[in-house]
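Report on the following structure.
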């Protein structure tokens, strides 16, 4: 699959804003390891091979195990994730699949049991940001490097 265009050079101003938003999400209240898990899950749901690959590599650099990374796609059926991680993954799926899910009350309740109000807003911003990156990468056919 060939890239359609280089969105960094096509719209530097827009990409500067995206990079700023990404930098902000890494400084918010959500721990880096969990951020990578939610970025991987959203990217899987969106069919973004580039971001799934990148965040899997980044998660491994932070010490994430391959076994848990393999299980992100089937986290509900795996005992590898903490209640906080499970709540974040459920929230990620509901927010990413917004048109289908409408973010159910039970998923909100699960998330609020594990996250403060500030953390839940920060988590939602991180999910929104990775969804934006996914839309750029998928739309313009960015693929993982070798």
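Numbering (the working numbering), first residue to last: 2 to 147. All C-beta atoms in this analysis are idealised placements derived from N, C-alpha and C, irrespective of residue type, glycine included.
Nearest-angstrom Cβ-Cβ length linking residue i and residue j, presumed shorter than 8 Å
i	j	result
residue 39	residue 128	6 Å
residue 43	residue 97	5 Å
residue 74	residue 37	At roughly 14 Å, the Cβ-Cβ gap does not stay under 8 Å, so residue 74 and residue 37 are not in contact.
Nearest neighbour of residue i, chosen from the options [CA to CA]
i	options	result
residue 104	125, 67, 78, 144	125
residue 78	66, 102, 91	91
residue 85	134, 14, 115, 12	115
C-beta atoms of residue i and residue j nearer than 9 Å
i	j	result
residue 72	residue 88	no
residue 130	residue 53	no
residue 34	residue 64	yes
residue 2	residue 136	no
residue 106	residue 31	no
residue 145	residue 16	no
residue 140	residue 28	no
residue 110	residue 49	no
Element boundaries [alpha helix (DSSP H), containing residue i]
i	result
residue 58	50-62
residue 134	118-140
residue 76	Looking at the DSSP string, residue 76 is not in any alpha helix (DSSP H), and its letter there is neither H nor E.
residue 7	No alpha helix (DSSP H) contains residue 7, which DSSP labels as neither H nor E.
residue 25	13-27
residue 65	Premise fails: residue 65 is in no alpha helix (DSSP H) and is neither H nor E.
residue 107	106-115
residue 44	33-46
Inter-residue Cα distance where the pair is residue i and residue j
i	j	result
residue 80	residue 57	19 Å
residue 149	residue 51	Absent from the structure is residue 149, since the part of the chain shown begins at 2 and ends at 147.
residue 19	residue 132	11 Å
residue 69	residue 76	9 Å
residue 41	residue 47	10 Å
Proximity test, Cβ basis, 9 Å: residue i and chain D
i	result
residue 64	No chain D is present in this structure, which holds just one protein chain.
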